[in-house]
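Have a look at the structure below before the remarks.
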Amino acid sequence: MAKPKVGYTRRSLLKAGGAAVAATTLPAPMLWAQDTKDIVLRQFGTGVSNLNDVAKKVKEDLGFTLEMTALDSDSVTQRAATQPDSFDIADIEYWICKKVWPTGNLQAMDTSKIANYDKIVGIFRSGKLTPDSEIAQGTAPHTVGFVDGPGGTSFADEETGWMTLIPTIYNADTLGIRPDLIGRPIETWAELLNPEFKGKASILDISSIGIMDMAMVCEAMGEIQYGDKGNMTRDEIDKTMAIFTEAKQNGQFRAFWKTFDESVNLMASGEVVIQSMWSPAITAVKSRGIPCVYQPLKEGYRSWGGGIGLSSSLSGMELDAAYDYINWYLSGWVGGYLMRQGYYSAVPETSKDFMTENEWGYWFEGKEATDVITSPTGDKLAEAGEVRDGGSFYDRMGSVACWNAVMDENQYMVRKWNEFIAA
Amino acid sequence: MAATPLKNRHVLGWLMALPLSVVLLAFLIAPIVMIAIVSFWGATEFSIYPAFQFDNYEFLFGSPVTYKVFGATLKYALITWALTLAIGFTVAYFLAFHVRSLTMQIALFLVCTIPFWTSNIIRMISWIPFLGRNGIANQTLISWGVIDEPLEWLLYSDFSVILAFVHLYTLFMVVPIFNTMMRIDKSLLEAARDNGANGFQTLVHVILPLTKPGIMIGTIFVVTLVMGDFITVRFMSGSQRANVGRLISNDIALLQYPSAAATAVVLLCTVLIVIAILLRFVNIRKEL
Numbered sequence: 321m322a323k324p325k326v327g328y329t330r331r332s333l334l335k336a337g338g339a340a341v342a343a344t345t346l347p348a349p350m351l352w353a354q355d356t357k358d359i360v361l362r363q364f365g366t367g368v369s370n371l372n373d374v375a376k377k378v379k380e381d382l383g384f385t386l387e388m389t390a391l392d393s394d395s396v397t398q399r400a401a402t403q404p405d406s407f408d409i410a411d412i413e414y415w416i417c418k419k420v421w422p423t424g425n426l427q428a429m430d431t432s433k434i435a436n437y438d439k440i441v442g443i444f445r446s447g448k449l450t451p452d453s454e455i456a457q458g459t460a461p462h463t464v465g466f467v468d469g470p471g472g473t474s475f476a477d478e479e480t481g482w483m484t485l486i487p488t489i490y491n492a493d494t495l496g497i498r499p500d501l502i503g504r505p506i507e508t509w510a511e512l513l514n515p516e517f518k519g520k521a522s523i524l525d526i527s528s529i530g531i532m533d534m535a536m537v538c539e540a541m542g543e544i545q546y547g548d549k550g551n552m553t554r555d556e557i558d559k560t561m562a563i564f565t566e567a568k569q570n571g572q573f574r575a576f577w578k579t580f581d582e583s584v585n586l587m588a589s590g591e592v593v594i595q596s597m598w599s600p601a602i603t604a605v606k607s608r609g610i611p612c613v614y615q616p617l618k619e620g621y622r623s624w625g626g627g628i629g630l631s632s633s634l635s636g637m638e639l640d641a642a643y644d645y646i647n648w649y650l651s652g653w654v655g656g657y658l659m660r661q662g663y664y665s666a667v668p669e670t671s672k673d674f675m676t677e678n679e680w681g682y683w684f685e686g687k688e689a690t691d692v693i694t695s696p697t698g699d700k701l702a703e704a705g706e707v708r709d710g711g712s713f714y715d716r717m718g719s720v721a722c723w724n725a726v727m728d729e730n731q732y733m734v735r736k737w738n739e740f741i742a743a
Numbered sequence: 053m054a055a056t057p058l059k060n061r062h063v064l065g066w067l068m069a070l071p072l073s074v075v076l077l078a079f080l081i082a083p084i085v086m087i088a089i090v091s092f093w094g095a096t097e098f099s100i101y102p103a104f105q106f107d108n109y110e111f112l113f114g115s116p117v118t119y120k121v122f123g124a125t126l127k128y129a130l131i132t133w134a135l136t137l138a139i140g141f142t143v144a145y146f147l148a149f150h151v152r153s154l155t156m157q158i159a160l161f162l163v164c165t166i167p168f169w170t171s172n173i174i175r176m177i178s179w180i181p182f183l184g185r186n187g188i189a190n191q192t193l194i195s196w197g198v199i200d201e202p203l204e205w206l207l208y209s210d211f212s213v214i215l216a217f218v219h220l221y222t223l224f225m226v227v228p229i230f231n232t233m234m235r236i237d238k239s240l241l242e243a244a245r246d247n248g249a250n251g252f253q254t255l256v257h258v259i260l261p262l263t264k265p266g267i268m269i270g271t272i273f274v275v276t277l278v279m280g281d282f283i284t285v286r287f288m289s290g291s292q293r294a295n296v297g298r299l300i301s302n303d304i305a306l307l308q309y310p311s312a313a314a315t316a317v318v319l320l321c322t323v324l325i326v327i328a329i330l331l332r333f334v335n336i337r338k339e340l
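Heads up: the sequence lines are chains A and B, in that order.
At position 65 of the first sequence (counting the first as 1) the number is 385 in the numbering used here, and the numbers step up by one without a gap.
At position 259 of the second sequence (counting the first as 1) the number is 311 in the numbering used here, and the numbers step up by one without a gap.
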């Protein structure tokens with residue numbers, strides 16, 4: 321076996337001696353069930369959804385052990401691509417899936433084994449949130465969500481019954497602002513390069529995401545018309561970088577940030593009043609009593625989504641356990657946990673049972689909070705009477721302009737990005 | 053018969069040198085050779101493959117950014133060196149010649165090392181709230197009426213980068229200079245005095261030449277530390293400036309190991325050349 325599994329054979333041999341040998345030849349259900357507690361599934365992914373609370377709850381509800389490793393998105397990509405034997409479950413973003421799937425390290429999942437498959441939000445199936453929504457640019461999840469069969473290596477255009485990733489978590493990102501220091505309404509992405517905010521703007525130094533924010537800005541300024549922001553030509557990349565390099569040299573940016581904490585500190589200290597930001601970072605600034613808004617903009621949001629993929633070397637009992645885990649994941653508890661942090665669950669309706677009416681109203685329906693809103697860890701996030709920035713689920717996810725993407729010209733873009741940082 | 057003891061002595065000598073050679077081979081030579089080999093490899097988006105190609109070097113030498121970044125790195129090294137030398141020499145001079153009692157000298161020397169009891173990341177980051185737009189420095193200056201508007205260039209600029217470098221690395225200058233100064237024979241200073249030299253002449257003609265090895269060792273420390281740094285530049289410039297270290301760390305983050313290795317090889321050569329030039333001026337070995 322390529323992967324010594326959890327010592328299932330070894331441990332049960334020690335424990336039950338000959339009985340275990342009998343079990344492998346004549347699998348008796350009793351023994352299988354008993355061994356569930358010996359199963360260990362190794363999951364790795366970005367910090368967003370690799371939560372210890374989830375592992376704890378899995379042990380409680382399903383009986384097996386889930387080992388979590390949190391890495392940054394570059395390391396996640398690298399590991400999924402180069403070390404297939406080091407994980408059982410990969411919790412990755414859809415654009416990472418586009419990069420990693422061709423390596424054959426992940427296996428497609430049979431949707432008929434997913435109990436809540438029919439309830440998964442349309443974005444991840446047909447690509448449409450509602451039957452009449454338009455599909456955004458970039459690596460939209462449904463474009464890399466399906467393959468033709470269990471061994472498929474190329475992505476299918478429609479639902480096939482074989483999914484690459486089971487969607488777990490997603491959100492719509494926009495610019496964060498300090499309303500108290502700006503003092504006027506902000507409505508467009510173009511404001512990021514407005515000279516009014518010279519030396520007070522910031523953008524994130526993660527090329528694959530930063531380039532999309534740049535594209536949103538350049539398009540909003542009317543400087544560039546992109547064929548597809550999620551798959552730029554070399555010419556479009558050059559033009560985008562030129563605009564931002566000029567702005568950088570004119571001192572538009574105070575700093576660039578790479579980690580969550582940096583973005584929080586830049587905003588909280590008032591060094592920066594407008595910047596690309598992630599939803600929980602806004603929450604972190606607010607929790608220090610500093611006003612900060614996740615500003616909805618007329619051009620729409622830049623969205624991202626993550627899902628769970630299964631290692632291709634997963635089989636037998638571990639594979640069954642992984643399916644159990646996925647079904648459990650979509651059954652609501654995790655969804656509720658994530659939604660109370662401001663993310664969205666792939667099957668929102670199951671999460672509803674795990675949220676109070678007030679929480680559901682605030683986070684999903686965009687209603688006024690009727691009581692204090694707290695995070696799963698107990699921090700106060702909003703007072704009664706407050707409304708979520710951007711409104712309801714359908715308002716926010718309905719106005720996604722592009723998805724995080726990996727382009728055909730990715731390596732070229734990365735080099736240009738490096739030059740931009742050094743310029 | 054005479055050959056046997058000689059041979060044994062050779063064997064013994066080699067054996068005694070063996071542990072160090074093995075350590076150096078395994079932990080110094082082998083990794084460098086590895087880096088040099090990988091620098092010729094190719095990379096896709098998520099993997100590297102063995103090859104012998106000059107693509108990485110071609111791209112490196114073909115990009116104007118490379119020259120700019122190497123220029124910036126040398127600039128940081130030069131300015132930091134000049135400032136740490138000025139401060140380090142003054143501090144060492146004070147400790148060695150103005151403070152008379154040995155106990156006091158040791159006590160004051162230990163005081164110099166206090167900042168090193170915390171991690172250098174913390175020492176670096178603590179500048180950020182101090183220098184920020186609404187930081188202590190700006191607020192104090194405004195309350196004194198020196199300035200009306202906060203000074204923007206205090207943080208996330210070349211100024212803040214060099215300030216952090218000087219703060220972090222001055223001690224590496226103080227220690228070797230202090231060490232050589234302590235070994236200067238005091239009677240030489242008296243002789244200079246007797247021959248009519250004033251304080252400044254003694255400093256320039258006696259102390260400075262005798263302190264050169266210390267200065268040189270300090271210089272090597274500071275120059276190599278600054279040229280190899282990436283984290284100080286990233287934090288203190290808010291990712292707005294780049295040096296070679298950052299170029300390498302960006303490549304690594306994007307899984308472009310061969311390209312990072314090529315940059316590392318070029319950086320290594322640059323640093324070795326700088327040190328070779330420095331060693332032409334002073335024979336350190338003679339003084340150790």
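Heads up, the beta-carbon is just placed ideally off N, CA and C, and yes, glycines get one too.
These numbers come from a predicted model, not from an experiment.
Grouping DSSP H, G and I as helix and E and B as strand, with all else coil, what is residue i?
| i | result |
| --- | --- |
| E413 (chain A) | strand |
| C722 (chain A) | strand |
| M86 (chain B) | helix |
| A460 (chain A) | coil |
| R574 (chain A) | strand |
| K700 (chain A) | strand |
| L351 (chain A) | Any answer about L351 (chain A) is weak, because its pLDDT of 43 lies below 50 and its placement is not dependable; what the coordinates show is given next. Note: L351 (chain A) maps to helix in three-state DSSP. |
Kindly list, in the order they appear in chain B, the residues whose Cβ is closer than 7 Å to that of residue i.
| i | result |
| --- | --- |
| A575 (chain A) | Y208, G290, S291, Q292 |
| G652 (chain A) | Under the 7 Å cutoff, chain B gives no residues; its nearest Cβ is about 34 Å from G652 (chain A). |
| N370 (chain A) | Correct list: empty, because the minimum Cβ distance to chain B is about 19 Å. |
| G519 (chain A) | E204 |
Please list the partners that residue i has in chain A, where partner means a Cβ-to-Cβ separation under 9 Å.
| i | result |
| --- | --- |
| G184 (chain B) | S589, G590, E591 |
Please return the same chain residues whose Cβ sits closer than 7 Å to the Cβ of residue i, not counting the five positions on each side in sequence.
| i | result |
| --- | --- |
| A476 (chain A) | F466, V467, D468 |
| T315 (chain B) | L112, V296, L299, I300, D303 |
| R554 (chain A) | E729, Y732 |
| L64 (chain B) | none |
| T118 (chain B) | L112 |
So which of the options has the shortest CA-CA distance to residue i?
| i | options | result |
| --- | --- | --- |
| N186 (chain B) | B:L220, B:I139, B:L207 | B:L207 |
| L512 (chain A) | A:S522, A:G627, A:G503, A:D500 | A:S522 |
| D438 (chain A) | A:E413, A:M483, A:A460 | A:M483 |
| T389 (chain A) | A:Q403, A:R362, A:T402 | A:R362 |
At a CB-CB cut-off below 8 Å, which residues of chain B make contact with residue i?
| i | result |
| --- | --- |
| V734 (chain A) | L306, Q308 |
| D525 (chain A) | S291 |
| D394 (chain A) | A305, L306, L307 |
Rounded to a whole number of angstroms, what is the C-alpha to C-alpha distance between residue i and residue j?
| i | j | result |
| --- | --- | --- |
| V396 (chain A) | L130 (chain B) | 39 Å |
| M68 (chain B) | A328 (chain B) | 29 Å |
| Q569 (chain A) | M733 (chain A) | 20 Å |
| T276 (chain B) | V537 (chain A) | 41 Å |
| I166 (chain B) | I158 (chain B) | 13 Å |
| D392 (chain A) | G365 (chain A) | 8 Å |
| E479 (chain A) | M659 (chain A) | 26 Å |
| T565 (chain A) | Q191 (chain B) | 31 Å |
| G140 (chain B) | L154 (chain B) | 19 Å |
| T508 (chain A) | S589 (chain A) | 24 Å |
| L220 (chain B) | F282 (chain B) | 13 Å |
| S212 (chain B) | I188 (chain B) | 15 Å |
| A134 (chain B) | T271 (chain B) | 9 Å |
Using a cut-off of 8 Å between C-beta atoms, extract the partners of residue i located in chain A.
| i | result |
| --- | --- |
| V121 (chain B) | A742 |
| V117 (chain B) | N738, E739, A742, A743 |
| L299 (chain B) | N738, A742 |
In its own chain, which residues sit with a C-beta less than 8 Å from the C-beta of residue i, not counting the 5 before and 5 after it?
| i | result |
| --- | --- |
| G290 (chain B) | L207, Y208 |
| A435 (chain A) | N647, L650, S651 |
List, in order along the chain, the chain A residues whose C-beta lies closer than 7 Å to that of residue i?
| i | result |
| --- | --- |
| S99 (chain B) | A401, T402 |
| N108 (chain B) | Within chain A, no residue comes near N108 (chain B); the closest Cβ sits about 12 Å away, beyond 7 Å. |
| L126 (chain B) | Result: empty, since nearest Cβ-Cβ is about 15 Å, beyond 7 Å. |
In its own chain, which residues sit with a C-beta less than 6 Å from the C-beta of residue i, not counting the 5 before and 5 after it?
| i | result |
| --- | --- |
| A294 (chain B) | V121 |
| K264 (chain B) | V334 |
| G627 (chain A) | L485, I486, P487, T488 |
Under 9 Å Cβ-Cβ, which residues of chain B neighbour residue i?
| i | result |
| --- | --- |
| K578 (chain A) | R286, S291, A305 |
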